[in-house]
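Asker:
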Amino acid sequence: MGHEGVGIVEEVGSAVNNFKVGDRVLISCIASCGKCENCKKSLYAHCEDGGWILGHLIDGTQAEYVRIPHADNSLYHIPEGVDEEALVMLSDILPTGFEIGVLAGQVKPGDTVAIVGAGPVGLASLLTAQFYSPAEIIMIDLDDNRLDIAKKFGATQLVNSSDGKAVEKVMALTDNKGADVVMEAVGIPPTFLLCQEIVKAGGHIANIGVHGKSVELHIDKLWIRNITLTTGLVSTSSTPMLLKTVKSGKLKPEQLITHRFSFDDILKAYDVFGNAARDRALKVIISNE
Numbered sequence: 001m002g003h004e005g006v007g008i009v010e011e012v013g014s015a016v017n018n019f020k021v022g023d024r025v026l027i028s029c030i031a032s033c034g035k036c037e038n039c040k041k042s043l044y045a046h047c048e049d050g051g052w053i054l055g056h057l058i059d060g061t062q063a064e065y066v067r068i069p070h071a072d073n074s075l076y077h078i079p080e081g082v083d084e085e086a087l088v089m090l091s092d093i094l095p096t097g098f099e100i101g102v103l104a105g106q107v108k109p110g111d112t113v114a115i116v117g118a119g120p121v122g123l124a125s126l127l128t129a130q131f132y133s134p135a136e137i138i139m140i141d142l143d144d145n146r147l148d149i150a151k152k153f154g155a156t157q158l159v160n161s162s163d164g165k166a167v168e169k170v171m172a173l174t175d176n177k178g179a180d181v182v183m184e185a186v187g188i189p190p191t192f193l194l195c196q197e198i199v200k201a202g203g204h205i206a207n208i209g210v211h212g213k214s215v216e217l218h219i220d221k222l223w224i225r226n227i228t229l230t231t232g233l234v235s236t237s238s239t240p241m242l243l244k245t246v247k248s249g250k251l252k253p254e255q256l257i258t259h260r261f262s263f264d265d266i267l268k269a270y271d272v273f274g275n276a277a278r279d280r281a282l283k284v285i286i287s288n289e
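Residue numbers (the UniProt record's numbering): 1 to 289.
#1: Just to confirm before moving on: does the CB-CB distance between P79 and T112 stay below 8 Å?
#2: Who pairs with A277 in a beta bridge, going by DSSP?
#3: By alpha-carbon positions, which one of A276, E254 and I266 ends up nearest to M1?
#4: Taking just the CA atoms, how far does R280 sit from I208?
#5: Can you give me the C-alpha to C-alpha distance between V12 and N288, rounded to a whole angstrom?
#6: So is S248 buried or exposed if we call it buried at 16+ other beta carbons inside 10 Å?
#7: Would you call the region 107-122 and the region 63-79 touching, i.e. three or more CB-CB distances under 8 Å?
#8: Return the residue from the list H211, G164 and M171 that minimises the CA-CA distance to G187.
#9: What does the alpha-carbon distance come out to for the pair T258 and R146?
#10: Is the beta carbon of V21 less than 8 Å from the beta carbon of E37?
#11: Can you give me the start and stop residues for the alpha helix (DSSP H) that I219 sits inside?
#12: Tell me the DSSP bridge mates of H259?
#13: Applying the 10 Å Cβ sphere with the 16-neighbour rule, what's the burial state of K283?
#14: Near T128, what residues of its chain come up, given a Cβ to Cβ distance below 6 Å and the 5 sequence neighbours on each side ignored?
#15: Look up A179 in the DSSP assignment and give the residues it is bridged to.
#16: Can you name the start and end residues of the alpha helix (DSSP H) that G122 belongs to?
#17: Can you determine whether any heavy atom of the ligand MN sits closer than 7 Å to the C-beta of L158, and answer yes or no?
#18: Quick check on K169 - is its C-beta less than 8 Å from some C-beta in chain D?
#19: Tell me where the beta strand (DSSP E) around V170 begins and ends.
#20: Could you have a look at G50 and say whether DSSP puts it in helix, strand or coil?
#21: Along the chain, where does the alpha helix (DSSP H) that runs through R146 open and close?
#22: Short check: CB of A185 to CB of V121, under 8 Å?
#23: With distance defined between alpha-carbon atoms, name the residue in D92, M241 and L256 nearest to G5.
#24: Would you decide whether N73 is buried or exposed? Buried here means 16 or more other CB atoms lie within 10 Å of its CB.
#25: Using C-beta distances below 6 Å, list every residue in its chain close to P95, excluding the 5 sequence neighbours before and after it, in chain order.
#26: I'd like to check one pair, P253 with M89: are the Cβ atoms closer than 8 Å?
#27: Note down, in chain order, each residue of its chain lying with its Cβ closer than 7 Å to the Cβ of A150, except the 5 sequence neighbours on either side.
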């Protein structure tokens, strides 16, 4: 289990050139050979000998030791003076929010951005959307605590959707036009439908959420309004850039961490994470130290 983490190199294989024993490293959620057709297109998530395999097809990071395939392309040196624990947010959620939400959604200066879902990925999208100076960022969620956090992170408008009136509220905030970019960061049918109802003509829906069941796509209403819809699996091509923004202090991933547990208390950690609303949890750190 587990596809996120930081660690210390204990042993290197004969094919590894960029890392040595003792190096402190960030582990990417995506393993990349760097040589196959997809890797050459920067589609690292679809590497023919890697991709999304940690904690999925091979043993993951929630262990005392973990083997990282294609280490030269799948690990990153941790810069001096950076909060190593906070860099766990760069294993997955920050690249995911940035690449699949912000970049795919083509956020531009002056845009109105709506983010549906104020969980860790939605908040990561909020933090990185601000790189491009949108005029407004509307955060939509059922949980007032998470909306309060979104406000602290830079959201300019908050919409609690628990009353079923999210569409009306967003339209009221946008002069009945909708948002230029709408990001879906939940992964359930109702939120995907909501995105289709609040996007502006000529706008963009960037689906980030992982959907476990089919959703309704109202193409009959979207095509005539020139709506672009994108989906995707993170490739982590943005990780080097995100590391630089963290080192410079312009991105503070530690804000996303709410709880910390030792490895011996991993079951407690899962209880907290599984009851995130009850415990006001975002990202939970599990440490071997």
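Think of the CB as a built atom: it goes at the ideal place given N, C-alpha and C, for glycine as much as any other residue.
Answerer: On the basis of the coordinates in this document:
#1: Not a contact, by the Cβ cut-off of 8 Å.
#2: None; A277 has no bridge partner.
#3: I266
#4: So the two alpha carbons sit approximately 22 Å from each other.
#5: 20 Å
#6: exposed
#7: no
#8: H211
#9: 12 Å
#10: no
#11: I219 to L222
#12: V284
#13: buried
#14: G97, F98 and V102
#15: V199
#16: P120 to A129
#17: With respect to small molecules bound, the structure shown includes none, and the ligand MN cannot be examined in it.
#18: The chain labelled as chain D is not found in the depicted structure, where only one protein chain is given.
#19: Premise fails: V170 lies in the alpha helix (DSSP H), A166 to L173, not in any beta strand (DSSP E).
#20: coil
#21: D144 to F153
#22: yes
#23: For G5, the nearest C-alpha among the options comes from D92.
#24: buried
#25: V234, T236, S238 and T239
#26: Cβ atoms of M89 and P253: closer than 8 Å.
#27: A118, L123, L126, M139 and L158
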